[in-house]
Amino acid sequence: MKLLKKVYLSAILVFMYAPILLLMVFSFNESKSRAHWTGFTLKWYAELLRDQSILSALSNTFTIALFSTLIAVVLGTAAAIGINAMKPISKKALNTITNIPVINPDIVMGVSLMILYVFIFRVLPFGLEMGYATLLLAHLSFNTSYVVLSVLPKLRQMDREIYEAALDLGATPLQGFIKVVFPEILPGIITGALLAFTISIDDFVVSYFTAGSSVETLSMVIYSMSRRGINPKINAVSTLMFILVMTLLFIVNRREQINQKNSKKGNLK
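As structure tokens, then:
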């Protein structure tokens, strides 16, 4: 029975990752052929660095991910603190609302945001169009939820009496937050930031509907290139993106393991 489980798990992993592994291998293929290996080369990576459209999209992707993550960390942390201080009924209602961007299908979220932007721009007296700002707001709308969901568990684990003791000893609410609350929830903030950054880089559907025609992300450029036929540069950029995302996910999972070990040690003490 154990052998059957291992075979089943191995088959699932092969089915999931074999196409990605094949893509990565052929990103080093000298020929454009996707069926025959003709020799090892790095020329597709060199051509990738000379492609201005890809470099521009890469810059947009990382700046959108960075800015939306930084803003989401501030908004999400503040929202998590507020939700944690609410009464049970209000807390459950806002927890449900916070989960909506996470579990909601991307296509629904992308189309709804696009309709909202179009409606707002038509109502405003001065003309505006979708572009970098709307794309940033769209990413912020789902990144904030990941930060909230990462910070809330740390707030629940924290002993509130420590914060109240700091206030009794003369600390201001701001000093109490910086000295007591912030160090306790910092692991959750970092985990939420890494998740938000990873999801933002990986997003395509929401970006496709909210970016307009003036700005493109890397996933949008790859999609437009693939419609004209598979270019080996797509293999190269996809390989780099896969390595980056896997690295970030490894860091997130590693941090969660360390936090769990630290919490177990604290409980034993």
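Mapping of the sequence shown onto the numbering used here: position 180 corresponds to residue 180, and the numbering continues sequentially without gaps. Beta carbons: idealized from backbone N, C-alpha and C, even for Gly. Just so it is clear, the structure is predicted and the values come from calculations on it, not from any experiment.
Rounded to the nearest angstrom, what separates M16 and I243 at their Cα positions?
Using only the alpha carbons, I get a separation of about 16 Å.
Keeping to the same chain, check which residues put their C-beta closer than 6 Å to that of S150; ignore five residues upstream and five downstream.
Correct list, in chain order: G188, T191 and G192.
Which complete alpha helix (DSSP H) runs does the segment 169-229 hold, if anything under 4 residues is left out?
The qualifying runs are 173-176, 182-202, 205-210 and 218-227.
What are the boundary residues of the alpha helix (DSSP H) that A93 is part of?
From DSSP, the alpha helix (DSSP H) with A93 extends over P88 to I103.
Name the DSSP beta bridge partners of F40, please?
F40 pairs with N29.
Say whether the segment 98-115 touches the segment 174-186, bearing in mind that this needs 3 or more beta-carbon pairs closer than 8 Å, one atom from each stretch.
The segment 98-115 is not in contact with the segment 174-186.
For a quick check, are the C-beta atoms of N235 and S53 less than 8 Å apart?
It is not a contact, given that the beta carbons lie outside the stated cut-off.
When the distance is taken between beta carbons, is D51 closer than 8 Å to K233?
Cβ atoms of K233 and D51: closer than 8 Å.
Using only CA atoms, which one of A35, M109 and N60 lies nearest to S219?
Nearest option by C-alpha distance: N60.
Just the Cα atoms here: how many angstroms apart are L140 and V123?
L140 and V123: Cα-Cα distance of roughly 23 Å.
Is E164 helix, strand or coil when you go by DSSP?
Residue state, collapsed to three classes: helix.
Return the residue from the list M158, T144, L155 and T239 that minimises the CA-CA distance to I71.
Comparing Cα positions, the closest option is T144.
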